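Single-structure report; data block below.
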Amino acid sequence: MARSLTQLELLIELEPIAEQNVNRHLSMAKDWNPHEYVPWELGRNFAAMNGVNWDPEQSKLTEVAKAAMITNLLTEDNLPSYHREIAENFSQDGAWGTWVGRWTAEENRHGIVIRDYLVVTRGVDPVALEQARMIHMTNGYNSAHLIKKHANRDYVQADAGFMHSVAYVTFQELATRVSHRNTGKVCNDPLADRMLQRIAADENLHMIFYRDMCAAALDLSPDQAMEAITNIVLGFQMPGLGMPNFRRNGVLMAKHGVYDLRQHLEEVLLPNLKKWNIFERTDFGAVGDHCRNRLGEFVEKLRADVVRFEEQRDRALAREARRTGRPPVLVS
Ligand SMILES: [Fe+2]
Ligand SMILES: [Fe+2]
1 MARSLTQLEL LIELEPIAEQ NVNRHLSMAK DWNPHEYVPW ELGRNFAAMN GVNWDPEQSK
61 LTEVAKAAMI TNLLTEDNLP SYHREIAENF SQDGAWGTWV GRWTAEENRH GIVIRDYLVV
121 TRGVDPVALE QARMIHMTNG YNSAHLIKKH ANRDYVQADA GFMHSVAYVT FQELATRVSH
181 RNTGKVCNDP LADRMLQRIA ADENLHMIFY RDMCAAALDL SPDQAMEAIT NIVLGFQMPG
241 LGMPNFRRNG VLMAKHGVYD LRQHLEEVLL PNLKKWNIFE RTDFGAVGDH CRNRLGEFVE
301 KLRADVVRFE EQRDRALARE ARRTGRPPVL VS
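Position 241 of the sequence shown, counting from 1, maps to 241 under UniProt numbering, and the rest follow consecutively.
Listed below in structure tokens is the structure:
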């Protein structure tokens, strides 16, 4: 059986491919300005500057839209934690360093523009938002802890490292793309939709970079990469884990189709697994084969869970519609 490569060997072997992918990214990425996505004419002072403080009546967003916006923004706010993860695992040398810097700068736009939009339009309580940001950022994010906590213990390596990071961010970027895109739809405001479409397009390009690096890692060290992918898929948690009201907001988002189990399976997990040819590959050894089997069983179970979840959701939405007299909101 081929031995696992060290973190340093992986980074050195994959650096030329990282360079190609950074160059492709730079040729495709669009420069845009956050201030051009915010309706500034709606803004006014708060009480500290002789204006009026936030009141729930001022918000045009539904509870679902608020929950989705807050979850997405707090996730973007936690950028320093993700930067640390990526910088530690990808290194800051050569093409890796170029990517880490560029990716971080692009991500920062997302938090800037969503916050500006929400504060100017008075979409959410800015004081509660700030308190939640403080809690969420102080907690930080550490993928190694999450992987150890949630993944199947048989497969957990002592050090999460590059392979786990690149697999995780591939799924995470695609998940945030889906979440931003559907949040735009649920806001019922063409400006929010335009802004979130812009962000979702960035997330898609980020996903492509990580997905293609993961593909290269699979070719270089198939068993090692497969083990990491299985760990990540089995233990996947959205990056918002630990933020205030994460469960409540996550349930609301799932219930109304902003990010639900079917989207997670069909729009996030399966497209990447297909792109990597996971179920057709012939280059796995015993470990890779074993992990692939576990992954296959997990996907089958998820298919059944999706059906069960949607049956329950349909009943809950119908009950709610009867109670409120309004048709259920379901994004997709
Ligand atoms: Fe982002
Ligand atoms: Fe991103």
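Think of the CB as a built atom: it goes at the ideal place given N, C-alpha and C, for glycine as much as any other residue.
It should be emphasised that the depicted structure is a prediction, and the values quoted were computed from it without experimental measurement.
Quick one: is residue i buried, meaning 16 or more other Cβ sit within 10 Å of its Cβ, or exposed?
i	result
residue 10	buried
residue 312	exposed
residue 257	buried
residue 184	buried
residue 55	exposed
residue 253	buried
residue 158	Residue confidence for residue 158 is low, a pLDDT of 40 falling below 50, so the modelled location carries little weight; the figure read from the coordinates is stated next. So residue 158 ends up on the exposed side.
residue 35	exposed
residue 161	buried
residue 174	buried
residue 124	buried
residue 134	exposed
residue 47	exposed
residue 153	Annotation note: pLDDT 48 at residue 153 (below 50); position unreliable, no value reported.
residue 280	exposed
How many whole angstroms separate the CB atoms of residue i and residue j, which I take to be in contact at a CB cut-off of 8 Å?
i	j	result
residue 288	residue 222	5 Å
residue 208	residue 180	With a Cβ gap of about 16 Å, residue 208 and residue 180 do not count as contacting.
residue 106	residue 178	Rounded, the Cβ-Cβ distance is 18 Å, inconsistent with contact.
residue 272	residue 71	In fact, because the Cβ distance is near 22 Å, the residues do not count as touching under 8 Å.
residue 14	residue 217	6 Å
residue 224	residue 4	5 Å
residue 303	residue 265	7 Å
residue 61	residue 187	6 Å
Please report whether the beta-carbon of residue i lies at a distance below 8 Å from any beta-carbon of chain B.
i	result
residue 41	Absent here is chain B; the protein component of the structure consists of one chain.
For ligand 1, which residues have a Cβ under 7 Å from at least one heavy atom, in chain order? 76, 107, 110, 176, 199, 202 and 203
Three or more C-beta pairs under 8 Å: does that hold for the region 74–82 against the region 109–124? yes
For the region 216–235 and the region 34–42, state whether three or more C-beta atom pairs, one from each stretch, are separated by less than 8 Å. no
Using 8 Å as the cut-off, can you tell me whether the region 273–287 makes contact with the region 89–102, which would need three or more C-beta pairs spanning the two stretches below that distance? no
Count Cβ pairs between the region 190–197 and the region 168–178 that sit closer than 8 Å; are there 3 or more? no
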